[in-house]
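Presented below is the structure to which this report refers.
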Amino acid sequence: MIHLPAPGSPVPAIGETVTAEIDWARRHRLMRMHTCLHLLCAVVPGAVTGGQISDGKARLDFDVPGATLDKEEIAAKLNALIAADHEVTPRWITDEELAAHPELVRTMTVKPPTGHGRVRLLDIAGIDLQPCGGTHVRRTGEIGAVAVAKIENKGKQNRRVNIVFAA
Ligand SMILES: [Zn+2]
């Protein structure tokens, strides 16, 4: 984590105690959008080949060769999962348990950090379960309505699904 002082603001001396403050409104939007990406993993089949999240929008790339993805259908499924207000629960498993269940890892190129004895899982009851160290809301209803802005074809292994908040 790197904290950059705003341009022109005084730089603290080495060793000086500083107080950092989270921009809660922004953090909460990121938590909502990030939790929504877990739901997107449940709605779209196939491995995740990439992704990006920013304030108010996010995207995931999926390896679904040949498949056509319908953006209205994906949005309807996402909003149904959001409206159902499912519980979102982080929990931990051991490195060995993860090794015994490789299917838990949805990302093709990024592997969860192991070697510390345990791995954090994010569990959306019966919907999505995968290693994740990110920040999430407690229930899917907190995400609020979303829309699929567009679906792009980014090559053989990449169907890029772009999500935005609907409101
Ligand atoms: Zn997550």
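The numbering of the sequence shown is the numbering used here, which starts it at 149 and goes up by one. Just so it is clear, CB atoms sit at the ideal spot from N, CA and C, and this is done for glycine as well. A quick note: this is a predicted structure, and the numbers were derived from the prediction, not measured.
Unbroken alpha helix (DSSP H) run spanning Glu220, endpoints: Residue range Lys219 to Ala231 is occupied by the alpha helix (DSSP H) that includes Glu220.
Under the three-state reduction of DSSP, which class applies to Glu169: helix, strand or coil? Glu169 falls in the coil class under three-state DSSP.
When you measure from the CB of Gly163 to every non-hydrogen atom of ligand 1, does any distance come out below 6 Å? Relative to the non-hydrogen atoms of ligand 1, the Cβ of Gly163 never comes closer than 6 Å to any of them.
Extent of the continuous beta strand (DSSP E) run through Ala195: Counting along the chain, the beta strand (DSSP E) containing Ala195 begins and ends at Ala195 to Ser202.
What is the DSSP secondary structure of Glu244, counted as helix, strand or coil? In the structure shown, Glu244 sits in a helix (DSSP, three-state: H, G or I).
Residue from Thr288, Gln278 and Ile201 whose Cα sits closest to the Cα of His234: The residue among Thr288, Gln278 and Ile201 with its C-alpha nearest the C-alpha of His234 is Thr288.
Heavy atom of ligand 1 within 6 Å of Gly282 beta-carbon: With a cut-off of 6 Å, the C-beta of Gly282 is classified as near ligand 1, since at least one heavy atom of the ligand falls inside that distance.
Looking only at C-alpha atoms, which of Ile162, Glu245, His176 and Pro158 sits nearest to Arg268? Per the Cα distances, Glu245.
Just curious, the beta strand (DSSP E) that Leu269 is in, first and last residue? Where Leu269 is concerned, the enclosing beta strand (DSSP E) stretches over Arg266 to Ile272.
Coil, strand or helix - Val294 by DSSP: Strand.
With a CB to CB cut of under 6 Å and the five nearest residues on each side skipped, what residues in its chain are close to Ile222? Counting only Cβ-Cβ distances below 6 Å, and skipping sequence neighbours, we find Val191 and Val296.
Count the other CB atoms, across all protein chains shown, that sit within 10 Å of the CB of Arg308; report buried if there are 16 or more and exposed otherwise. By the C-beta density criterion, Arg308 is buried, having at least 16 other C-beta atoms within 10 angstroms.
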